[in-house]
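Asks: The numbering of the sequence shown is our numbering, which starts it at 1028 and goes up by one. Glycine included, each C-beta is placed from N, C-alpha and C at the ideal position. Note that this is a predicted model, so its numbers are computed, not measured.
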Amino acid sequence: MIREADEQWPIKVRLDDDTIMKLERLRDHVLHPGGLIVLPTETVYGLAANALCDDSVFKIFEVKGRPLSDPVILHVPTFRDALSSIFDADLFDACLILFLGLSFSPGPLTMITRGKEGLSPLLSANTGFPAVRCPSHHIAQLILKHVGVPLAAPSANKFGHISPTSAEHVSSEFEGVPMFIIDGGRCDLGVESTVLKVEPVFDDIRAEVFLKKHKGTYANLQTVISLLRPEVISDPSKKDELIEKCSFMAGMPSSLPRDLIDTLLSMKDTSRTVTILRPGYVTEADLTRRLSSSFFSNVKVVHKQIFAKAHEHCECPGTTLTHYAPAVPTYLASEVQSEGGVPVDSESIVMVDCDGDFKDFVDSFLYYIPMAKGDQSLAYNLYDSLRQAERMALRCIGTVNPYAGEDAWPMSTIIVVNYKEQPTELNATLRDRLIRASSGNTVKYKLDPDNVEFFMVGLGFQSVKKTHVFSAEAVKLKEVLKSRKKIGKSKSSRDKSTTKPTKAHGNTSDDEPSRLDLILSASRPRKAVLKKAVSKGRRKT
């Protein structure tokens, strides 16, 4: 049984017994305005709400501290459902979406195209182009089918923090927040989906108009698309065979196959592109291989790299420069080409060594986290390892680095991740996540058989302004800093010292909020401001 609301939130649920009763309770909860549940998926855990209820979608933004400028991904069982209830696609685009859905879905592929009128502008950050995915995790599919409405579900963490790949990660982020966390174990893949934009470019008939003309369904379209081969383009006899085969299928309108194939053939001479807005587990090479050997070989895949500023309007989730970030200054390791820079003590570094370059210098670091070889293994363990590094760094609070300046993070401990560019298909995806986790900052190193040295060049240590602080560990850090301040004051009183603590060491007076207080309070959105923004968004549509 699911425990009642008088229990401590959030409540974890396992669907291992009384499944039907639990599904009913979860459905009732998520369909209630403002109701939140956490879905396990194959990529990361998602914080889910009824996408058709403004109050529920708004609750996601409020709880996550997510800016309204950042859209969310909707989850449905199949892309047929997306085309029926969310997308307002042209005929060619609908067929392309169904084709890619047959190839990569359910799975880690999100698609964006024009949405139907009446959808909440919250979902797409008022662009009118919602993002939709069909997760492959069996629990997510079970819940989506039982609930019967699309679920908006960004990652189940505070905005900008490390994505969660286990129920424990989620519960540590949302202590006391009313929600049910469905525990589905560790996520199978470990990194977010690829986001692909299919933008209308043809003066094309709308898919809905075409289907209404033939009294057909998206299931009929998918049947024809599933049988469509490249030979149809050049061999009229293959085309006639396909039309005849489809026309006699149960439930198929007799006129639909010929009209559909002729319409698609008329567009074959027009080249077009689909755009990867966020790299993910389905790579550019995967998409290119599938399209180039299909009827849709005129469709090319391009990659648009986006590094948006905080609160800048985004057409795709997960594209801000600082994202997936630990609550500790984080850097990518980069081998130095020449001498220079400010030395960094390796004993202040928590090293996440993906490439194994520093395995002979384990004792040189504050903490060393080795990563298993292979990109799939790295993807599976990446976010868990970043959280482990964050925990280790937060336990080892030191004084501020003397070179950091007034706005520095009040500790000298940093996280360094060692993962280079490589000619592997998942490398671009993993590098994307780590570049964002480090806000694009690097620390240089010089490695020889007997020694390793690290240097800061240029920016120096990250300012707190460049670092997201959202986790439960950050709250604990705040408490530790306060206790240290009290201890320092007591000692100062005993010594009858008149020396006032300086800001450079992260200390402030009782009347002045600390930088950590400010950033934690800044992470909590003001409901009135958000609702005003929603209202403005609606007036624009």
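Provide the residue span of the beta strand (DSSP E) that contains Ile-1064, from first to last.
Replies: Along the sequence shown, one-based indexing puts residue 1064 at 37. First-last of the beta strand (DSSP E) with Ile-1064: 1064–1066.
Asks: Given a threshold of 16 other Cβ atoms within 10 Å of its Cβ, counted over all protein chains shown, does Glu-1219 qualify as buried or as exposed?
Replies: As a position in the sequence shown, residue 1219 is number 192, starting the count at 1. Glu-1219 should be labelled buried.
Asks: Compare the Cα-Cα distances from Gly-1155 to each of Lys-1400, Asp-1115 and Phe-1119 and report the closest residue.
Replies: Along the sequence shown, one-based indexing puts residue 1155 at 128. That would be Asp-1115, whose Cα lies nearest to the Cα of Gly-1155.
Asks: Have a look at the DSSP bridge pairing and note the partners of Ile-1333.
Replies: Position 306 of the sequence shown, counting from 1, holds the residue named residue 1333. Looking at the DSSP assignment, Ile-1333 forms no beta bridge with any residue, so it has no partner.
Asks: Pick helix, strand or coil for Met-1276, following the three-state DSSP scheme.
Replies: Position 249 of the sequence shown, counting from 1, holds the residue named residue 1276. Correct three-state label for Met-1276: coil.
Asks: In this structure, how does DSSP classify Thr-1357 when only helix, strand and coil are distinguished?
Replies: Taking the sequence shown and counting its residues from 1, one reaches residue 1357 at position 330. Strand, per DSSP.
Asks: Would you mind giving the Cβ-Cβ distance between Leu-1127 and Leu-1136, rounded to the nearest angstrom? I have them listed as a contact below 8 Å.
Replies: As a first step, residue 1127 must be located in the sequence shown, where it is residue number 100. As a first step, residue 1136 must be located in the sequence shown, where it is residue number 109. With a Cβ gap of about 7 Å, Leu-1127 and Leu-1136 count as contacting.
Asks: Use the C-beta contact count for Thr-1315: other C-beta atoms within 10 angstroms, 16 or more gives buried, fewer gives exposed.
Replies: Position 288 of the sequence shown, counting from 1, holds the residue named residue 1315. Looking at its Cβ environment, which holds fewer than 16 other Cβ atoms inside 10 Å, Thr-1315 is exposed.
Asks: Which runs of the alpha helix (DSSP H), 4 residues or longer, sit entirely within the segment 1118–1190?
Replies: 1118–1131, 1148–1151 and 1165–1174
Asks: Spell out the partners DSSP gives Tyr-1395 in its beta bridges.
Replies: Within the sequence shown, residue 1395 is the residue found at index 368, counting from 1. Note: Tyr-1395 sits in a beta bridge opposite Met-1378.
Asks: Check for me: the beta strand (DSSP E) holding Thr-1302 runs from which residue to which?
Replies: Position 275 of the sequence shown, counted from the first residue, corresponds to residue 1302. 1299–1305 is the span of the beta strand (DSSP E), which, as asked, contains Thr-1302.
Asks: Can you name, in chain order, every residue of its own chain whose Cβ lies under 8 Å from the Cβ of Asn-1408, other than the five neighbours on each side?
Replies: For the purposes of this step, residue 1408 is identified with residue 381 of the sequence shown, where counting begins at 1. Gly-1217, Met-1398 and Ala-1399.
Asks: Look up Arg-1041 in the DSSP assignment and say whether it is helix, strand or coil.
Replies: Here residue 1041 refers to the residue found at position 14 of the sequence shown. It is coil, neither helix nor strand.
Asks: DSSP three-state call for Pro-1540: helix, strand or coil?
Replies: Taking the sequence shown and counting its residues from 1, one reaches residue 1540 at position 513. In this prediction, Pro-1540 has a pLDDT of 41, which is less than 50 and means its spatial position is unreliable; what the coordinates show is noted afterwards. In this structure, Pro-1540 counts as coil in the three-state DSSP scheme.
Asks: Give, in chain order, every unbroken run of the beta strand (DSSP E) that is at least 3 residues long and sits entirely within the segment 1208–1241.
Replies: Correct list: 1221–1224.
Asks: Straight-line CA distance for Asp-1044 to Ala-1158?
Replies: Position 17 of the sequence shown holds residue 1044. Position 131 of the sequence shown holds residue 1158. Roughly 33 Å separates the two Cα atoms.
Asks: At a cut-off of 6 Å, would you count Leu-1409 as near the ligand NAP, judging by its Cβ distance to the nearest heavy atom?
Replies: This structure does not include the ligand NAP; it has no bound ligands of any sort.
Asks: Can you look up Glu-1452 in the DSSP assignment and give me helix, strand or coil?
Replies: As a working mapping, residue 1452 is identified with position 425 in the sequence shown. Coil, per DSSP.
Asks: Name the DSSP bridge partner or partners of Val-1472?
Replies: Numbered from 1 along the sequence shown, position 445 holds the residue referred to as residue 1472. In the sequence under discussion, the amino acid at residue 1472 is Tyr, which differs from the Val named in the question. Paired residues: Glu-1362 and Phe-1481.
Asks: Can you list, in chain order, the residues of its chain with a C-beta nearer than 8 Å to that of Ser-1198? Leave out the 5 residues immediately preceding and following it.
Replies: Taking the first residue of the sequence shown as position 1, residue 1198 is located at position 171. For Ser-1198, where only same-chain residues beyond five positions count, the Cβ hits under 8 Å are Pro-1037, Lys-1039 and Ile-1208.
Asks: Which residues share a DSSP beta bridge with His-1102?
Replies: Start at 1 with the first residue of the sequence shown, and residue 1102 comes out as number 75. The partner list for His-1102 (beta bridge, DSSP) reads Arg-1160 and Leu-1178.
Asks: Pick from Gly-1383, Val-1379 and Leu-1453: whose alpha carbon is nearest that of Ala-1420?
Replies: Numbered from its first residue, the sequence shown carries residue 1420 at position 393. Here the closest residue by C-alpha is Val-1379.
Asks: Cα separation between Glu-1271 and Lys-1295?
Replies: Counting from one through the sequence shown, the residue named residue 1271 turns up at place 244. Counting from one through the sequence shown, the residue named residue 1295 turns up at place 268. Pairing Glu-1271 with Lys-1295, the inter-Cα distance amounts to about 22 Å.
Asks: Kindly indicate the opening and closing residues of the alpha helix (DSSP H) around Pro-1284.
Replies: Along the sequence shown, read from residue 1 onward, the residue named residue 1284 stands at position 257. That run of the alpha helix (DSSP H) goes 1283–1292.
Asks: Quick one: using the 10 Å Cβ neighbour count with 16 as the cut-off for buried, is Glu-1342 buried or exposed?
Replies: The residue given as residue 1342 occupies position 315 in the sequence shown. Buried, because 16 or more other Cβ atoms sit within 10 Å of the Cβ of Glu-1342.
Asks: Would you kindly work out how many angstroms separate the C-alpha atoms of Lys-1143 and Leu-1348, rounded to a whole number?
Replies: Translated into the one-based positions of the sequence shown, residue 1143 becomes position 116. Translated into the one-based positions of the sequence shown, residue 1348 becomes position 321. Using only the alpha carbons, I get a separation of about 30 Å.
Asks: Taking the continuous beta strand (DSSP E) assigned at Ala-1075, which residues delimit it?
Replies: On the sequence shown, position 48 is the one that residue 1075 refers to. Element bounds for Ala-1075: 1073–1077.
Asks: Given that a residue counts as buried once 16 or more other Cβ atoms are within 10 Å of its Cβ, and exposed if not, what is Thr-1046?
Replies: Residue mapping note: residue 1046 aligns to position 19 of the sequence shown, counting from 1. With fewer than 16 Cβ atoms within 10 Å of its Cβ, Thr-1046 is classed as exposed.
Asks: Starting from Ile-1047, trace the beta strand (DSSP E) both ways and give me its first and last residue.
Replies: By 1-based counting over the sequence shown, the position of residue 1047 is 20. No beta strand (DSSP E) contains Ile-1047, which is instead part of the alpha helix (DSSP H) from 1046–1058.
Asks: Excluding sequence positions up to five away, which residues of its chain have a Cβ less than 6 Å from the Cβ of Val-1377?
Replies: Position 350 of the sequence shown, counted from the start, is the residue given in the question as residue 1377. Cβ neighbours of Val-1377 beyond the five flanking positions: Leu-1393, Tyr-1394, Ala-1416, Met-1419, Ala-1420 and Ile-1442.
Asks: Can you tell which of Ser-1151, Thr-1440, Ala-1354 and Gln-1249 has the C-alpha that lies nearest to the C-alpha of Ser-1130?
Replies: Residue mapping note: residue 1130 aligns to position 103 of the sequence shown, counting from 1. Considering only alpha carbons, the answer is Gln-1249.
Asks: Kindly list the residues whose CB is nearer than 7 Å to the CB of Pro-1060, restricted to its own chain and excluding five residues on each side of it in sequence; keep chain order.
Replies: Indexing the sequence shown from 1 puts residue 1060 at position 33. Answer for Pro-1060: Cys-1080, Asp-1082 and Ser-1083, listed in chain order.
Asks: Quick one, are the C-beta atoms of Ala-1180 and Gly-1073 less than 7 Å apart?
Replies: Locating residue 1180 in the sequence shown gives position 153, counting from the first residue. Locating residue 1073 in the sequence shown gives position 46, counting from the first residue. Taking 7 Å as the Cβ cut-off, Ala-1180 and Gly-1073 qualify as a contacting pair.
Asks: State buried or exposed for Val-1470, treating a residue as buried only when at least 16 other CB atoms are found within 10 Å of its CB.
Replies: Looking up residue 1470 in the sequence shown gives position 443. It is buried - the Cβ of Val-1470 has at least 16 other Cβ atoms within 10 Å.
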